[in-house]
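Per the numbering used here, the sequence shown runs over residues 3 to 135. For each residue, glycine too, the CB sits at the ideal point set by N, CA and C. Below is one structure, written out as structure tokens, with a few remarks after it.
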Amino acid sequence: MEPFYLPIKWVHMTAVMLSGSIFFLRGLGVIAGQRWPLQTWLRYTSFGIDTVLLTAALLLVVLLPHAMFANGWLNAKLILLVVYIVLGMFALRSARSQHVRILCFVAAVLVFASMVSIAHAHDPWAPVRWAVG
Ligand code: HEM
């Protein structure tokens with residue numbers, strides 16, 4: 003096995019954990035009407051962590067054999083990543099009402115959890131299987 007695989011995967015997973023936790027806390031803060039979640043230093047920290055996350059992810063894609071993605075789990079994750087980013091933008095900034103903000107926040111957290119379960123199982127249908135038991 004490629005010697006850098008495990009360290010890079012560790013970096014990816016650590017960045018995933020940090021990115022998800024920061025988004026979760028910022029989302030709760032925005033819903034509670036706080037101003038700290040939108041402070042510039044926090045936005046840049048978040049951006050930096052997401053850059054590390056994506057860089058490690060791209061390295062993993064290059065390192066791993068193509069056959070590993072044959073069932074489409076990586077494509078499913080990428081589609082959900084776009085959905086997560088859009089929902090996250092609405093939850094933290096663009097939503098016009100508190101109701102829409104909360105809906106977008108809850109949906110973003112669910113989409114994030116779906117990406118984790120897809121990555122863990124290497125199965126694009128992992129969240130559906132989990133939901134239907
Ligand atoms: C917020 C977005 C993302 C989340 C939540 C996420 C989550 C995860 C998790 C939890 C793992 C570890 C799975 C395990 O072995 O238990 C993982 C691995 C991986 N992720 Fe991501 N990821 C994200 C974005 C991406 C992106 C954008 C890509 C591709 C461009 C990607 C490619 C990979 C690859 C190739 C692996 C390695 C799978 C393996 O070695 O078994 N990830 N991801």
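Note that the C-beta distance between Pro126 and Ala78 is below 7 Å. With contacts defined as CB atoms closer than 7 Å, Ser23 and Asp52 fail to qualify as a contacting pair. His122 carries a helical assignment under DSSP once its states are collapsed to helix, strand and coil.
In this structure, the C-beta of Ala59 approaches the ligand HEM to less than 6 Å from one of its heavy atoms.
Secondary structure note for His14: its alpha helix (DSSP H) is the uninterrupted segment Tyr7 to Ile33.
For Gly35, the number of other beta carbons within 10 angstroms of its own is below 16, and it is reported as exposed. With distances taken between CA atoms, His122 lies nearest to Met15 out of Glu4, Pro5, Met15 and Gly135. When C-beta atoms of the segment 57-67 are compared with those of the segment 4-14, three or more pairs fall below 8 Å, so the two segments count as touching. Look at Asn73 here: in three-state DSSP terms it is coil, with no helix or strand label. Here the alpha carbon of Cys106 sits roughly 22 Å from the alpha carbon of Leu55.
In the three-state DSSP reduction, Leu66 falls in the coil class, being neither helix nor strand.
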